[in-house]
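Q: What follows is a structure written as structure tokens; I'll ask about it next.
There are 2 protein chains.
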Amino acid sequence: MTEPSRAKIKVSELYQVGIVVHDLEKSIEHYQNTFGIGPWGTMNVDPSIFSEMTYHGRPVQHRFRAAFAMVGPMQLELIQPVEGDNIYSDFLTEHGEGVHHLGHVRVANLAEAIQTLEKEGFPCLQSGRSPGGGYAYIDTVNALGVVIELLETP
Amino acid sequence: MTEPSRAKIKVSELYQVGIVVHDLEKSIEHYQNTFGIGPWGTMNVDPSIFSEMTYHGRPVQHRFRAAFAMVGPMQLELIQPVEGDNIYSDFLTEHGEGVHHLGHVRVANLAEAIQTLEKEGFPCLQSGRSPGGGYAYIDTVNALGVVIELLETP
């Protein structure tokens, strides 16, 4: 029996686990050489990748490095903050290395989804726009125990 | 070009994210009603489910409750500790609610895999046996930023 969903945002797929680390190369080395997880693709994320970066609702410019690998159906993302205010540095200070977020919750309109969730008491922690899309981390820690990442793609 | 893997344990698939929570029902309510994630199947885990329970290498008897739901390819496991020494209570004390482990790393022989990883400096945090199988959490936090769960199935 299927009841109509009261969900404000329907999350029908999650596949990414985002892990914040101090040293991307050192972590990749452990994942790859001890546990056979790889290959890894890396990228430098800065204002050339995402425009309109926000951090707790205010404009910001920051840089971080990310690495991606598939482990069966799960994508691991390792993230090392580099510069500027960002929620990964905050996480490292508060928790040390660990799982930071689950993603992606695909949405048709990022701005609308952020607004809907903010009205429900889930503020946007950090976001960025790319051509025709963008991402946003939502503070769902009190409800779900973990941050979720919204993604709009062109 | 594929190089021979130096991996001690080859992790070829992960699909489960284990999240420790204070109150299973409250968490399921949030997941289900606000984010449309469900249905959830729950189970009570106690010595009738797993024998030879260990906690940091010593015999223990504990109880916890778990709930499972698929979100696309990812399985979420919510865990609420109930009674006895267990690593979920320790995690709640140290971190609060959050992502505790990734799984499952399927192994042919649990005891051998635990021994191999212990030799590499990754101790077994908690384990239990079921008929023809069992599970073990391995302390890979310093290397991977997160605990991994090994699983042997019949």
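Sequences listed follow chains Z and R, in order. Count along the first sequence from 1, add 4, and you get the number used in the numbering used here. Count along the second sequence from 1, add 4, and you get the number used in the numbering used here. We treat Cβ as the ideally placed atom computed from N, Cα and C, and that holds for glycine. Quantities reported herein were computed from a predicted structural model and do not represent experimental measurements.
1) Quick check on DSSP: helix, strand or coil for H26 (chain R)?
2) Considering only residues of the segment 71 to 157 of chain Z, which uninterrupted alpha helix (DSSP H) runs meet the minimum length of 4 residues and lie entirely inside it, listed in chain order?
3) Three or more C-beta pairs closer than 8 Å, one from the segment 69 to 79 of chain R and one from the segment 52 to 61 of chain R: is that the case here?
4) Per DSSP, which one or two residues make a beta bridge with G45 (chain R)?
5) Check whether the Cβ atoms of L129 (chain Z) and I91 (chain Z) lie closer than 8 Å to each other.
6) Residues of the segment 72 to 88 of chain R in Cβ contact with chain Z at a cutoff of 9 Å, in chain order, please.
7) Could you name the residues that DSSP lists as bridge partners for V21 (chain R)?
8) Is there a Cβ of chain Z sitting closer than 8 Å to that of V111 (chain R), yes or no?
9) Under the assumption that G42 (chain R) contacts Q36 (chain R) (Cβ atoms under 8 Å), give the Cβ distance between them as a whole number of angstroms.
10) Apart from the five residues just before and just after T6 (chain Z), which ones in its own chain have a Cβ nearer than 8 Å to its Cβ?
11) How about A147 (chain R): is its C-beta nearer than 8 Å to some C-beta of chain Z?
12) How about H108 (chain R): is its C-beta nearer than 8 Å to some C-beta of chain Z?
13) My guess is that V150 (chain R) and I23 (chain Z) are in contact by the Cβ rule of under 8 Å, so how many angstroms apart are they, rounded?
14) Drop a sphere of 10 angstroms on the beta-carbon of L18 (chain R), count the other beta-carbons inside from all chains shown, and report buried for 16 or more, exposed for fewer.
15) Quick one: which residues of the segment 20 to 32 of chain R get their C-beta closer than 8 Å to a C-beta of chain Z? List them in chain order.
16) Measuring alpha carbon to alpha carbon, tell me which residue in Z:T58, Z:R69, Z:L155 is nearest V25 (chain Z).
17) With C-beta atoms as the reference, is V15 (chain Z) less than 8 Å away from F95 (chain R)?
A: Taking the definition as stated:
1) coil
2) 91 to 99, 114 to 123, 145 to 148
3) no
4) R:F72
5) yes
6) V75, G76, P77, M78, L80, L82
7) R:L80, R:L106
8) no
9) 4 Å
10) Here the model assigns T6 (chain Z) a pLDDT of 49, short of 50, so the residue's position is not dependable, and the following value carries that caveat. So the list is empty, once near-sequence residues are dropped.
11) yes
12) no
13) 6 Å
14) buried
15) V21, I23, V24, V25, S31
16) Z:R69
17) no
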